[in-house]
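There are 2 protein chains.
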Amino acid sequence: MTPFKLTEELVAHIEQLIENRQDGELHTLLEDVHYADVAEIINELDEDQATYLIKLLDSDKTSDVLTELDDDIREAILNNLSAKEIAGELEALDTDDAADIIAELPNEIVQQVISEIEDREHARDIVDLLRYDENSAGGLMAKELVKVNENWTVLTCVKEMRAQAENVTRVHSIYVVDDEGKLKGRLSLKDLLTTATTTHIKDVYIPKVDSVGVNEKPEEVAKIMSKYDLEAIPVVDEIGRLVGRITIDDIVDVIKEEADRDYQMAAGISQGVEADDSIWVLTRARLPWLFLGLVGGVGAAAIMGGFEEMISRHAILFFFTPLIAAMAGNVGVQSSAIIVQGLANDDLKGSVGQRLVKEMLLAALNGLILALVLLFFTWLWKGSFPTAIAISISLIAVIVVAGIIGTFTPIFLHKRGIDPAIATGPFITTSNDIFGILIYFTIAKLILGI
Amino acid sequence: MTPFKLTEELVAHIEQLIENRQDGELHTLLEDVHYADVAEIINELDEDQATYLIKLLDSDKTSDVLTELDDDIREAILNNLSAKEIAGELEALDTDDAADIIAELPNEIVQQVISEIEDREHARDIVDLLRYDENSAGGLMAKELVKVNENWTVLTCVKEMRAQAENVTRVHSIYVVDDEGKLKGRLSLKDLLTTATTTHIKDVYIPKVDSVGVNEKPEEVAKIMSKYDLEAIPVVDEIGRLVGRITIDDIVDVIKEEADRDYQMAAGISQGVEADDSIWVLTRARLPWLFLGLVGGVGAAAIMGGFEEMISRHAILFFFTPLIAAMAGNVGVQSSAIIVQGLANDDLKGSVGQRLVKEMLLAALNGLILALVLLFFTWLWKGSFPTAIAISISLIAVIVVAGIIGTFTPIFLHKRGIDPAIATGPFITTSNDIFGILIYFTIAKLILGI
Numbered sequence: 002m003t004p005f006k007l008t009e010e011l012v013a014h015i016e017q018l019i020e021n022r023q024d025g026e027l028h029t030l031l032e033d034v035h036y037a038d039v040a041e042i043i044n045e046l047d048e049d050q051a052t053y054l055i056k057l058l059d060s061d062k063t064s065d066v067l068t069e070l071d072d073d074i075r076e077a078i079l080n081n082l083s084a085k086e087i088a089g090e091l092e093a094l095d096t097d098d099a100a101d102i103i104a105e106l107p108n109e110i111v112q113q114v115i116s117e118i119e120d121r122e123h124a125r126d127i128v129d130l131l132r133y134d135e136n137s138a139g140g141l142m143a144k145e146l147v148k149v150n151e152n153w154t155v156l157t158c159v160k161e162m163r164a165q166a167e168n169v170t171r172v173h174s175i176y177v178v179d180d181e182g183k184l185k186g187r188l189s190l191k192d193l194l195t196t197a198t199t200t201h202i203k204d205v206y207i208p209k210v211d212s213v214g215v216n217e218k219p220e221e222v223a224k225i226m227s228k229y230d231l232e233a234i235p236v237v238d239e240i241g242r243l244v245g246r247i248t249i250d251d252i253v254d255v256i257k258e259e260a261d262r263d264y265q266m267a268a269g270i271s272q273g274v275e276a277d278d279s280i281w282v283l284t285r286a287r288l289p290w291l292f293l294g295l296v297g298g299v300g301a302a303a304i305m306g307g308f309e310e311m312i313s314r315h316a317i318l319f320f321f322t323p324l325i326a327a328m329a330g331n332v333g334v335q336s337s338a339i340i341v342q343g344l345a346n347d348d349l350k351g352s353v354g355q356r357l358v359k360e361m362l363l364a365a366l367n368g369l370i371l372a373l374v375l376l377f378f379t380w381l382w383k384g385s386f387p388t389a390i391a392i393s394i395s396l397i398a399v400i401v402v403a404g405i406i407g408t409f410t411p412i413f414l415h416k417r418g419i420d421p422a423i424a425t426g427p428f429i430t431t432s433n434d435i436f437g438i439l440i441y442f443t444i445a446k447l448i449l450g451i
Numbered sequence: 002m003t004p005f006k007l008t009e010e011l012v013a014h015i016e017q018l019i020e021n022r023q024d025g026e027l028h029t030l031l032e033d034v035h036y037a038d039v040a041e042i043i044n045e046l047d048e049d050q051a052t053y054l055i056k057l058l059d060s061d062k063t064s065d066v067l068t069e070l071d072d073d074i075r076e077a078i079l080n081n082l083s084a085k086e087i088a089g090e091l092e093a094l095d096t097d098d099a100a101d102i103i104a105e106l107p108n109e110i111v112q113q114v115i116s117e118i119e120d121r122e123h124a125r126d127i128v129d130l131l132r133y134d135e136n137s138a139g140g141l142m143a144k145e146l147v148k149v150n151e152n153w154t155v156l157t158c159v160k161e162m163r164a165q166a167e168n169v170t171r172v173h174s175i176y177v178v179d180d181e182g183k184l185k186g187r188l189s190l191k192d193l194l195t196t197a198t199t200t201h202i203k204d205v206y207i208p209k210v211d212s213v214g215v216n217e218k219p220e221e222v223a224k225i226m227s228k229y230d231l232e233a234i235p236v237v238d239e240i241g242r243l244v245g246r247i248t249i250d251d252i253v254d255v256i257k258e259e260a261d262r263d264y265q266m267a268a269g270i271s272q273g274v275e276a277d278d279s280i281w282v283l284t285r286a287r288l289p290w291l292f293l294g295l296v297g298g299v300g301a302a303a304i305m306g307g308f309e310e311m312i313s314r315h316a317i318l319f320f321f322t323p324l325i326a327a328m329a330g331n332v333g334v335q336s337s338a339i340i341v342q343g344l345a346n347d348d349l350k351g352s353v354g355q356r357l358v359k360e361m362l363l364a365a366l367n368g369l370i371l372a373l374v375l376l377f378f379t380w381l382w383k384g385s386f387p388t389a390i391a392i393s394i395s396l397i398a399v400i401v402v403a404g405i406i407g408t409f410t411p412i413f414l415h416k417r418g419i420d421p422a423i424a425t426g427p428f429i430t431t432s433n434d435i436f437g438i439l440i441y442f443t444i445a446k447l448i449l450g451i
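Structure (structure tokens):
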């Protein structure tokens, strides 16, 4: 396999072919290209070229291409397609992907698109999915699955399965339900192939099957599937009826999005932006956090103003304020990040008190080592041992407090049901800046007098 | 399905049962508990209790439990098992998991353990896997797969497959190889079931199959599998021979580990530590980054010392140094984080020059808004318009430079083949602190005179 590589030459070549309306060449060129790669190409084209290509290619391929496109490009293309054309694309998609696309369409054309879908069962399944919250197992699941009734014989089962499997790209498990549609268990393909055809399903199925409720959060589903190494999980409604299934490829996306979000939050960026978004979008995502930093800085300046009388005799104290603020921020981010990860991975044990004591010891140890280095440096630099001592002792105090705030804040937020990831970034840095400067000057003043 | 919940009562109960040697109760209690959950329980026990439980339960279950345990607990348990007992556990594991465990054993007992494995083919496969770098596709892959020769008929194929499938937990694809063992394509189960038994495989197989080389980096494999929504991918050696396959559950782990690592790096923590590691381990992971911050702070202090003559007339300049340092740090982290993510997701387009110009405009816009707010505040506070202007203009300059450094650094590191994620955390903050303070005082001095 030679991996696909998106090059400027390839894009230019395709643009040329589109301009010259060389449909045959385009077909040949793109025939063996994976839909995910075609999507990458189309992301580079302008709206008209993209629409032209989507209309040219078979809807078997273009429907999958649509699911992989950047949001804005997809929106532009769908705007240029008729309801009938959109319905044609949805026809070729799994219900979950089709529902995701429909959810993006303007309300006024949704009904028209749905009425144009020829396979009425497919249409009904898609409409069913539209009812679920995007941020739930119901919003993630697809209707495509293979299910058999516990009262069937193996023979009926095999026959029915053949028909059902037509619509299911990958059969992970055969789910067994009762007459009410409630999930009872699963069946392995192996067992099915090695059992007499007159046997009833209820005598051979495996009654143990993991499942999730329709209202479960995607992050929880991801946790369950990755913990138990599942490739698909059935979804049941409030009374236990099998309503869909979620496959691991959707979960991989959930995991990646969650990681990206946490990373951005820690970096002080909101809204899930990308590097290629416009300056306005990026400003909206970045400015509020910077503003928070500004408020913190102004707070620190105000505190320093309160200690202004020290400046004539101990100017050096003021030189170290960026260091104090940086250390308070860094320690806060370190300790909160480790708690946030522990919470996300469910592997935080022991009481809050134990955590705080541990972080205090850890911060004190780190603080002591750093303070000794700093003591040595300041003493050498300015020759005043009392000042050097005052700065170093303050540093230890600042680091310990920063560690405690960094540990406590995410635990507190988590207990209140707020995403603790919010605590790792600018919030911790800003509050620790202010506390840090305050503690630093207070202790220095106590040691040095005015 | 009632989800498993690890409670202190459950752990206490199990500890009690172990102490009283109530083997029967332990068996009954844990029989229906998933191995991943048993691992969670064992992580809470002490070494003797854990070893007792592992020896008590069937190796079908305990082998999987071993793969899920915390590293230190697993090491402790394996220390208490004989070579024969360890071999028994490995026997029940897939080759990739078995190889991972063997790689953790002390050298002197590896050979003994391998010689105790009864299934010699299994042993050979495990030894084969030991040769591959842990950080490569070869290090991730398992030997368990279903492969058929293109010269076989469908009938032979089905017979051979039955035998092979015994050892393969989940059959994702049937891989087709030639007489040399080179990967030629794949076969769908559906096709196999619907084709006449005398047909040769070479006439029905699908010649298109994605694969990765043994030396491919795990991150690349993850990218390919998630881009193409694959649940398994075959691995080929340098001359194209099929040597193993990687399944999506291993890739989910790769993606999560990578995300955790990037997150920790951005937070200034190295070595992939967890909240429950010892204070020494945590100090080793955190102290170097704090030390870097200390050096930055000392640098900033030294720079401020160079501007000491300004302190008598413009003390307020010194009050805003934590603000300047914080803004420089925040902007640097924001812009580098967005570039790091773009690089990781391969969706960074356009030239480096374009990026820098965009970030410059973005930073200038954000800087201008923030500077206006700050201007207003400082003017009101101290009543000196020139000082307020000097501080505000410096802030804009600092933000723009911080944005450029934040954008350029990860791109530069990436081009040199260094993981750009290293640039998001303390490195950017520290260097931006120093540059920020220097720029701030230089500009302020130019505007205000001494």
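Chains as they are written, first to last, in our numbering: chain A, 2 to 451; chain B, 2 to 451.
From the three backbone atoms N, C-alpha and C, an ideal C-beta is built for every residue, glycine too.
In the pairwise beta carbon analysis, the stretch 71-83 of chain A is classified as touching the stretch 50-63 of chain A: at least three pairs are separated by under 8 Å.
If the five residues before and after Thr68 of chain B are omitted, its C-beta is found closer than 6 Å to the C-beta atoms of Asp98, all from its own chain and listed in chain order. Our two residues, Gly182 of chain A and Ser174 of chain A, have alpha carbons roughly 16 Å apart in a direct line. Taken in chain order, no unbroken stretch of beta strand (DSSP E) lies wholly in the stretch 326-403 of chain A with a span of 3 residues or more.
Under the three-state reduction of DSSP output, Tyr176 of chain B falls in the strand class. Fully contained in the stretch 134-159 of chain A are the following beta strand (DSSP E) runs of length 3 or more, in chain order: 147-150. From the listed residues B:Thr388, B:Ala389, B:Asp434, B:Trp380, the smallest Cα separation to Met328 of chain A is found for B:Asp434.
A straight line joining the alpha-carbon of Gln355 of chain B with that of Ala276 of chain A spans about 12 Å. It is roughly 29 Å from the alpha-carbon of Leu318 of chain A to the alpha-carbon of Leu357 of chain A. Each of A:Asp250, A:Glu258, A:Val210, A:Asp263 was checked against the Cα of Val237 of chain A, and the nearest Cα belongs to A:Val210. Taking 8 Å as the cut-off, the beta carbon of Ala267 of chain A is found closer than this to the beta carbon of Ala422 of chain A. With respect to chain A, the C-beta atom of Val274 of chain B has a partner C-beta closer than 8 Å. If only uninterrupted alpha helix (DSSP H) runs of at least 4 residues are considered, those enclosed by the stretch 22-84 of chain A are 24-32, 36-44, 48-57, 60-69, 72-80. Between Tyr206 of chain A and Leu188 of chain A, the beta carbon gap of about 5 Å places them in contact (Cβ cut-off 8 Å).
Under the Cβ distance rule, Glu232 of chain B counts among the residues neighbouring chain A, one pair being separated by less than 8 Å.
Against Ala164 of chain B, chain A offers no close residue; the least beta-carbon distance is about 13 Å (beta-carbon pairs closer than 7 Å). In this structure the stretch 138-145 of chain A lies against the stretch 241-250 of chain A, because at least three pairs of beta carbons, one per stretch, are closer than 8 Å. Contact fails between the stretch 299-309 of chain B and the stretch 379-395 of chain B, because fewer than three Cβ pairs, one in each stretch, are under 8 Å apart. Here the alpha carbon of Met162 of chain A sits roughly 39 Å from the alpha carbon of Ala260 of chain B. Apart from sequence neighbours up to five positions away, the residues of its chain that approach Asp179 of chain B with a beta-carbon distance below 6 Å are Glu151, Lys185, ordered along the chain. In this structure, the alpha-carbon of Asp24 of chain A lies about 8 Å from that of Leu18 of chain A.
Assigned with DSSP and collapsed to three states, Pro208 of chain B falls in coil, not helix or strand.
Inclusion of Leu131 of chain A and Ala104 of chain A in the CB contact set at 8 Å is warranted, their separation being smaller than that value.
Using a Cβ-Cβ cut-off of 8 Å, Arg75 of chain A does not count as an interface residue toward chain B, since no Cβ of chain B sits closer than that to its own. Rounded to whole angstroms, the separation of the alpha carbons of Glu119 of chain A and Glu86 of chain A is 12 Å. Nearest in C-alpha terms to Leu293 of chain A, of all of A:Tyr229, A:Asp251, A:Lys416, A:Thr431, is A:Thr431. Partner residues in the beta bridge of Thr248 of chain B, as assigned by DSSP, are B:Ala233. Considering only beta carbons, the part of the stretch 230-259 of chain B lying closer than 7 Å to chain A consists of Asp230, Glu232, Ile249, Asp250, Val253, Ile256, Lys257, in chain order. For the pair Ala303 of chain B and Ile440 of chain B, the Cα-to-Cα distance works out to about 14 Å. When A:Phe436, A:Ile429, A:Val401, A:Asn216 are compared, the shortest CA-CA separation from Asn136 of chain A is found for A:Asn216. A residue is called buried once 16 or more other Cβ atoms fall within 10 Å of its Cβ, and Pro387 of chain A, having fewer, is exposed.
Proximity of Phe292 of chain A to chain B, defined by a Cβ-Cβ separation below 8 Å, is satisfied. Residue pairing by DSSP places Gly214 of chain B opposite B:Val237 in a beta bridge. Contact between Gly269 of chain A and Gln335 of chain B holds, since their C-beta atoms are separated by about 5 Å, short of 8 Å. At least one C-beta of chain A is nearer than 8 Å to the C-beta of Glu309 of chain B.
Annotated as distal: Leu190 of chain B and Val159 of chain B, with beta-carbon spacing of 8 Å or more.
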